[in-house]
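Residue 230 is where the sequence shown starts when you use the numbering used here, and the numbers rise one by one after that.
Ideal placement from N, C-alpha and C gives every residue a C-beta, glycine not left out.
Remember, predicted model here, so these are calculated numbers, not experimental data.
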Amino acid sequence: MEPVVLTAGTALVGAMATDAWQQVREAVVAWWRRVRADGADSLESELAALRDGVVAARDQGDRDTEEALAAVWRLRFQQLLVQQPGTAAGLRALLDEHLLPALPPAEGSEARSVRMRAEAHDSARVYMAARDQHITGS
């Protein structure tokens, strides 16, 4: 799955619980309308219902539901990018200009998180870092 998709799904669901949601919703619907006009009208009502679910999950401390909703949106964004490969730049702009700025700082950092995976074979070493890394010795 594209990294922009992972971040966008998480950020969209996180933005639903913020005071900036109306502006974010308008930006998401406008972007969706540009890349896929069919379904943009039903998207508005779908986002409103989804927001209610996110707010309720947050009120109950239900991180599993919130993560499941983010996963649904990751899948939708990924399917859209597969169907229309040229939309990745627009999704990145939506993410950078509207979704991430709407999140509180802690959530913005979480949404921008990097997932890394490595495997070592035959006694090989693997060094991974999301920031600075200092390796001494052998």
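If you draw a straight line from the C-alpha of residue i to the C-alpha of residue j, how long is it?
i      : j      : result
HIS363 : ARG354 : 14 Å
VAL321 : HIS327 : Checking the sequence, you will find Arg at residue 321 rather than Val. Rounded to the nearest angstrom, the two C-alpha atoms are 10 Å apart.
GLY315 : LEU235 : 17 Å
VAL242 : PRO333 : 13 Å
TRP261 : SER352 : 48 Å
ALA299 : THR239 : 5 Å
ALA331 : ALA249 : 6 Å
THR247 : LEU329 : 11 Å
SER274 : VAL233 : 24 Å
GLU296 : GLN308 : 18 Å
SER342 : ALA237 : With a pLDDT of only 45 at SER342, under 50, the local geometry of the prediction cannot be trusted, and the value read off the model is given with reservation. Taking the straight line from one Cα to the other gives about 12 Å.
GLY366 : ASP267 : 59 Å
By DSSP, does residue i sit in helix, in strand, or in coil?
i      : result
SER352 : coil
ALA297 : helix
GLU275 : helix
THR365 : coil
GLU231 : coil
SER322 : Sequence check: residue 322 is Ala here, not Ser. Residue state, collapsed to three classes: helix.
ALA347 : coil
THR316 : helix
ARG303 : helix
Please look up how many angstroms separate the CB atoms of residue i and residue j, rounded, as I've assumed it's under 8 Å.
i      : j      : result
ARG303 : MET230 : 6 Å
- [ ] Kindly confirm or deny that the stretch 273 to 288 and the stretch 254 to 265 touch, where touching means at least three C-beta pairs closer than 8 Å.
- [x] Contact between the stretch 273 to 288 and the stretch 254 to 265 is present, because at least three Cβ pairs lie under 8 Å.
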